[in-house]
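Comments concern the structure below.
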Amino acid sequence: MSAGSPREGQAQAPAPQDRGPAGNGGLSRISRATHLKEALLRNAFLVCACVAVAGVTLIFVFVGYQGWPIFAKLGIGEFLGGRVWYPTKGLFGILTLVVNSLLAMAGGLVLGAPLAVGTAVFLSEVASPRVREVTRPAVELLAGIPSVVYGFFGLVLLRPIIARVFGGLGFGLFTVWVILGVMIVPTIATLTEDALRSVPEGIREASYAMGATKWQTIWRVLLPAARIGIIDAVILGMGRAIGETMAVVMIAGNAPVIPDSIFKPFLTLTTVIVMDMPYASGDHRTALFGVAIVLFVISMIFVASIRVISRSRGEGD
Amino acid sequence: MRSLERVDKRLTNGLALGVIWLAAITTVAALGAILLYVVVNGIGSLTPAFIFTWPHGVNMEGGIWPTIQSTVYVTALAMLITTPVAVLAAVYLAEYAVQGRLVRTIRFAADSLASVPSIVMGLFGLAAFVEGAGLKFSVLAAALALSFLLLPIVMRTTEEAIRSVPRYARWGSYGLGATKWQTVSRIVLPSATPRITTGVILAAGRAAGETAVVIYTMGTMINAPLFPSDGGRTMPVHLMLLAQDGINLHAAYGTALVLVLMVLAFNIVARWVSRRNRSMQG
Chain A
13 MSAGSPREGQ AQAPAPQDRG PAGNGGLSRI SRATHLKEAL LRNAFLVCAC
63 VAVAGVTLIF VFVGYQGWPI FAKLGIGEFL GGRVWYPTKG LFGILTLVVN
113 SLLAMAGGLV LGAPLAVGTA VFLSEVASPR VREVTRPAVE LLAGIPSVVY
163 GFFGLVLLRP IIARVFGGLG FGLFTVWVIL GVMIVPTIAT LTEDALRSVP
213 EGIREASYAM GATKWQTIWR VLLPAARIGI IDAVILGMGR AIGETMAVVM
263 IAGNAPVIPD SIFKPFLTLT TVIVMDMPYA SGDHRTALFG VAIVLFVISM
313 IFVASIRVIS RSRGEGD
Chain B
311 MRSLERVDKR LTNGLALGVI WLAAITTVAA LGAILLYVVV NGIGSLTPAF
361 IFTWPHGVNM EGGIWPTIQS TVYVTALAML ITTPVAVLAA VYLAEYAVQG
411 RLVRTIRFAA DSLASVPSIV MGLFGLAAFV EGAGLKFSVL AAALALSFLL
461 LPIVMRTTEE AIRSVPRYAR WGSYGLGATK WQTVSRIVLP SATPRITTGV
511 ILAAGRAAGE TAVVIYTMGT MINAPLFPSD GGRTMPVHLM LLAQDGINLH
561 AAYGTALVLV LMVLAFNIVA RWVSRRNRSM QG
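Chains A and B are the protein sequences, given in the same order.
Here the first sequence stands for residues 13 to 329, where the numbers follow this note's numbering.
Here the second sequence stands for residues 311 to 592, where the numbers follow this note's numbering.
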């Protein structure tokens, strides 16, 4: 930015101003102008940092303002606890959708988490540098593929295969689990790899020195040492899975019931918004914003629980 | 007994490492399957006419040019809005901030923002920018909503980039009498630029592939936006609508391929930037 001015300020600084204002830290031998400029910039950066806080607040305010009336009208119990989602009859119970979202998330996690942790262990402990050079970009690319492409892939390739093998149309929990399982791999794998890498090398050496095999070192030493990081990674993966929309809407089939089979169509918290938003109005639209509030709160709970877990680690060690 | 135990130990080790290999192979195979499927099915659609002409008719015959233009436009605008704010916010967190309640709040907010489901961000954009600020379905509304999604991503990569600049570089600068801002602007940021660039490019890839945010802030009308106040339909939205309606799968495959190629290009450029930087340092 203005390159010359601070130096000029320094050069002109007269002796009496040598000691800058208190609270200036290490920067005491500067002029008032330079000090002012530094303080101004510092505060400008602070404002930028606070945009994140403003963003969360704005989301809460705008989505909350649009969605709150449905809570007020039906009551929190009836909105969250109602089992029937039938907008044209004025029934806005989202319990079914919550259960479906949790089912989709749980299955995706059961498939995706072991795959991701295995891949992370592979990258950090097993792979030779050359193999790693190929595998890590693959994991990063998996993170970069747009969710709509995952959905499209699930719709045109995976769904017909599942329909042929298991019968039915191929829309359903099983298809969603497979796609979600792959989608959360990069989220969990990169963070787990970071956690494994932050385990000091000396601990590995100590384990090998005692005659442990590679697997014993991984299972008994490294994974326990990195467990907090792995738990954080899995929770973030859960957030990703429950918030995923475009991939799920294309392969879930979107029927507002709790499916009695993993090959039957179902509707989740995220997909109901995509399905209904184009034509919703009045209470229906308000209810969709209410669903968005629920999703927002769920994602905040995940983030807060990561924070609590990390803090307990800080006190425990 | 002891030799049996040793055999058992080796056997378990071999089996377990085999399972770990299997996990890694499955992950790579999943990526390979997606890429291969999209390329094999889309390559036939990928003609100059498909890329550079407009779609027409109820079946969306023809090309996808306006969706490419919309995607590039909204991605560029979103990055233009996000990058300065996110970089300066990261400068604050990495260089200026003192640990305390304020910094904890900012970090918690950034983490929360990063994990807000994109569909919620879409509805937020609809309520705040499209309707609240009266921007209608427009590139600007979509770019603003996207920038909230990208802010924490760019902030995080930038902060890591700044923190990876060696401390000696700062000490040298302070030792010469430089002020904090002089140190940050002339020493720290230039050394961190390649890694910041990598983060920005990867975030741009994320923006280009985003569907749920754009669909509620830019609309679905096929249009080649000229001004930020114009609406449009991006490639991911186009792909989603084509796939949902089940019409013209040919064009859907082609759109998916162009989209994947664009994301691949972003990733390769990001990798190239960071690799060039590494070889310069080493």
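Cβ atoms here follow ideal geometry from the backbone N, Cα and C, with glycine treated the same way.
{"Item": "Find the residues of chain B that neighbour Lys85/A, judging by a C-beta separation of less than 9 Å, and give them in chain order.", "Value": "Going along chain B, no residue has its Cβ under 9 Å from Lys85/A, so there is no contact; the nearest lies around 18 Å."}
{"Item": "For a cutoff of 8 Å on Cβ pairs, would you count Met550/B as touching chain A?", "Value": "yes"}
{"Item": "DSSP three-state label for Leu181/A, please.", "Value": "coil"}
{"Item": "Does Met531/B pass the burial test, meaning 16 or more other C-beta atoms within 10 Å, or should it be called exposed?", "Value": "exposed"}
{"Item": "Using the C-alpha atoms, what's the distance from Ser355/B back to Ile285/A?", "Value": "32 Å"}
{"Item": "Residues of chain B with CB closer than 8 Å to the CB of Pro149/A, please, in chain order.", "Value": "Asn577 and Arg581"}
{"Item": "Please identify, using Cβ separations under 7 Å, the residues of the region 294-324 of chain A that lie next to chain B, in order along the chain.", "Value": "Phe301, Ala304, Leu307, Phe308, Ser311, Met312, Phe314, Val315 and Arg319"}
{"Item": "Pull up the distance between the alpha-carbon of Pro500/B and that of Asn587/B, whole angstroms please.", "Value": "12 Å"}
{"Item": "My guess is that Gly182/A and Ile174/A are in contact by the Cβ rule of under 8 Å, so how many angstroms apart are they, rounded?", "Value": "4 Å"}
{"Item": "Span of the alpha helix (DSSP H) holding Phe91/A?", "Value": "Ile88 to Gly93"}
{"Item": "Tell me whether Phe447/B sits in a helix, a strand or coil according to DSSP, three-state version.", "Value": "coil"}
{"Item": "Identify every residue that forms a DSSP beta bridge with Tyr98/A.", "Value": "Leu103/A"}
{"Item": "In terms of alpha-carbon separation, which member of Val63/A, Leu52/A, Gly130/A and His296/A lies closest to Leu304/B?", "Value": "Coverage of chain B is limited to positions 311 through 592, which leaves residue 304/B absent and any answer about it impossible."}
{"Item": "Can you give me the C-alpha to C-alpha distance between Arg144/A and Ile344/B, rounded to a whole angstrom?", "Value": "20 Å"}
{"Item": "To the nearest angstrom, how far is it from the Cα of Gly442/B to the Cα of Gln492/B?", "Value": "40 Å"}
{"Item": "Does any residue of chain A bring its CB to less than 8 Å from the CB of Pro500/B?", "Value": "no"}
{"Item": "For Lys399/B, which residues of its own chain have a beta-carbon under 6 Å away from its beta-carbon, when the five flanking residues on both sides are left out?", "Value": "Looking at the sequence shown, residue 399/B is not Lys but Ala. Excluding sequence neighbours, Ala399/B sits near Met465."}
{"Item": "On the three-state DSSP scale, how would you describe Pro365/B?", "Value": "strand"}
{"Item": "Less than 8 Å between CB atoms is the rule here; does Ala34/A satisfy it with respect to chain B?", "Value": "Any reading at Ala34/A is ruled out, since the residue's pLDDT is 41, under 50, leaving its predicted position unreliable."}
{"Item": "In this structure, how does DSSP classify Glu213/A when only helix, strand and coil are distinguished?", "Value": "helix"}
{"Item": "Could you tell me if His366/B is buried or exposed, where buried requires 16 or more neighbouring beta carbons within 10 angstroms of its beta carbon?", "Value": "exposed"}
{"Item": "Pull up the DSSP beta-bridge partners for Phe278/A, would you.", "Value": "Gly265/A"}
{"Item": "Would you mind telling me which residues of chain B sit closer than 7 Å to Arg54/A, beta carbon to beta carbon, in chain order?", "Value": "Tyr406"}
{"Item": "Is DSSP giving Gly482/B helix, strand or coil here?", "Value": "helix"}
{"Item": "Listing by chain order, which chain B residues have their CB less than 8 Å from the CB of Ile263/A?", "Value": "Those within 8 Å of Ile263/A in chain B number zero; the least Cβ separation is about 10 Å."}
{"Item": "Tell me whether Ser373/B sits in a helix, a strand or coil according to DSSP, three-state version.", "Value": "The question names Ser, but residue 373/B is Gly in the sequence shown. Coil at Gly373/B, not helix or strand."}
{"Item": "Give the secondary structure of Glu152/A by DSSP, where H, G and I count as helix, E and B as strand, and everything else as coil.", "Value": "helix"}
{"Item": "Chain B beta carbons: is any one of them nearer than 8 Å to that of Ser136/A?", "Value": "no"}
{"Item": "So what's Asn323/B in DSSP terms, helix, strand or just coil?", "Value": "helix"}
{"Item": "Using a threshold of 8 Å, state whether the C-beta atoms of Ala561/B and Ile374/B are closer than that.", "Value": "yes"}
{"Item": "Count the C-beta pairs between the region 302-317 of chain A and the region 531-540 of chain B that are closer than 8 Å, then say yes if the count reaches three, no if not.", "Value": "no"}
{"Item": "Taking Cβ positions only, does Glu20/A come closer than 8 Å to chain B?", "Value": "Per-residue confidence for Glu20/A stands at a pLDDT of 37, beneath the threshold of 50, marking its modelled position as unreliable; the derived number appears in the next sentence. For Glu20/A, the answer is no, since every Cβ of chain B falls outside 8 Å of its Cβ."}
{"Item": "If you compare alpha carbons, which of Leu208/A, Leu86/A and Thr46/A is closest to Ala299/A?", "Value": "Leu86/A"}
{"Item": "Does the distance from the CB of Ser322/A to the CB of Asp244/A come in under 8 Å?", "Value": "yes"}
{"Item": "What residues from chain B crowd round Tyr159/A, counting only those whose CB sits closer than 9 Å?", "Value": "According to the sequence as given, residue 159/A is Ser; it is not Tyr. Here the neighbours are Ser428, Gly519, Glu520, Thr521, Ala522 and Pro546."}
{"Item": "Determine the chain D residues that contact Gly354/B at a beta-carbon separation under 9 Å, and present them in chain order.", "Value": "In the structure shown, chain D does not exist; the protein chains are A and B."}
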